[in-house]
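S.K.:
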Amino acid sequence: MGATILVADDDRAIRTVLNQALARLGHDVRLTGNAATLWRWVADGDGDLVITDVIMPDENGLDLIPRIKKVRPELRIIVMSAQSTLLTAVKATERGAFEYLPKPFDLR
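The opening residue of the sequence shown carries number 10 in the working numbering; numbering runs sequentially from there.
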């Protein structure tokens, strides 16, 4: 079986596309539209990889990265954002993100 991937994005369409693509590759995908649920999963020790949006209704994804890294330093985090600026990418990597993925993206 593949990895357990935790996906947090307030856009249902993004969650659906990622779920379909990752599940097709054999991964177990857990989806949420908010940072609070993502944080609970991470704090409970769930997940092998996090994919999170920057802008979510309850918390900025960039602010969540250091909290995640404090409790799970080994957990890789991919940050997605429709605000694809160099500054956002730099902030994400400085805070501990493994990768930055600008939206929109093509999964083909």
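No residue lacks a Cβ here, since even glycine has one placed at the ideal position from N, Cα and C.
Going residue by residue through the stretch 10-73, where are the continuous alpha helix (DSSP H) segments of at least 4 residues, counting only ones entirely within it?
M.R.: Correct list: 21-33, 44-52.
S.K.: Under three-state DSSP, which class holds G85?
M.R.: Here the question's residue 85 lines up with position 76 in the sequence shown. What sits at residue 85 in the sequence shown is Arg, not Gly. In the structure shown, R85 sits in a strand (DSSP, three-state: E or B).
S.K.: Can you list, in chain order, the residues of its chain with a C-beta nearer than 8 Å to that of T46? Leave out the 5 residues immediately preceding and following it.
M.R.: Locating residue 46 in the sequence shown gives position 37, where the first residue counts as 1. Once the five neighbours on either side are set aside, the close Cβ partners of T46 are A17.
S.K.: I'd like the list of long-range same chain contacts for R39, defined as Cβ closer than 8 Å, with 5 residues on each side in sequence excluded.
M.R.: Looking up residue 39 in the sequence shown gives position 30. Closer than 8 Å at the Cβ level, and outside the excluded window around R39, lie T13, I14, L15, V16, W50, D55, G56.
S.K.: May I ask you to report which of helix, strand or coil DSSP gives L116?
M.R.: Against the sequence shown, residue 116 aligns to sequence position 107. Reduced to three states, the DSSP call for L116 is coil.
S.K.: Kindly give me the distance between the Cβ atoms of I87 and I64, rounded to whole angstroms, as I take these residues to be in contact under 8 Å.
M.R.: As a first step, residue 87 is located in the sequence shown; it is residue number 78 there, counting from the start. As a first step, residue 64 is located in the sequence shown; it is residue number 55 there, counting from the start. Not a contact, Cβ separation roughly 15 Å.
S.K.: Could you tell me whether the Cβ atoms of D72 and D19 are closer together than 8 Å?
M.R.: The residue given as residue 72 occupies position 63 in the sequence shown. The residue given as residue 19 occupies position 10 in the sequence shown. Not closer than 8 Å, so no.
S.K.: Sort out for me which residues DSSP pairs P75 with in a bridge.
M.R.: Position 66 of the sequence shown holds residue 75. According to DSSP, P75 bridges with nothing at all.
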